[in-house]
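This report concerns only the one structure given below.
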Amino acid sequence: MTDLEFEAFQTRVSEAVSEDELRSVYAGIVHENGQYEYYFGTDTEDVSELRSTAAVQLGMLLKVLADRSNSDIDEITDLAVERAAEMQLR
């Protein structure tokens, strides 16, 4: 992805997050220096609905990352589980 494509992507994401009818939003930001931030917002407190929404978001992310990295979903999932266990929520 070129710098211009990435800038266009950032603009599209910013516009999408600004929409009124969002149900759930997750943003994971990795900075060039390795620092990371993550934000999660949802309009439900129902545990089963939250679980379902989170599974959809994780599924989308895993599919995109697997496709882009020429890996299979299981590889990406295993690595993600390892990283999640290492992270401290902020």
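The numbering of the sequence shown is this note's numbering, which starts it at 1331 and goes up by one. Where is the CB? At the ideal position from N, CA and C, for every residue including glycine. Quantities reported herein were computed from a predicted structural model and do not represent experimental measurements.
Item                                                                                                                                                      : Value
DSSP three-state call for G1389: helix, strand or coil?                                                                                                   : helix
Roughly how many angstroms separate the alpha carbons of L1391 and D1404, rounded to a whole number?                                                      : 13 Å
How big is the Cα-Cα spacing for G1364 and E1416?                                                                                                         : 15 Å
On the premise that R1353 lies in contact with D1376, defined as a C-beta separation below 8 Å, what is that separation, rounded to the nearest angstrom? : With 8 Å as the limit, D1376 and R1353 do not qualify as a contact, their Cβ atoms being about 12 Å apart.
Assign I1359 to one of two classes, buried (16 or more other C-beta atoms within 10 Å of its C-beta) or exposed (fewer than that).                        : exposed
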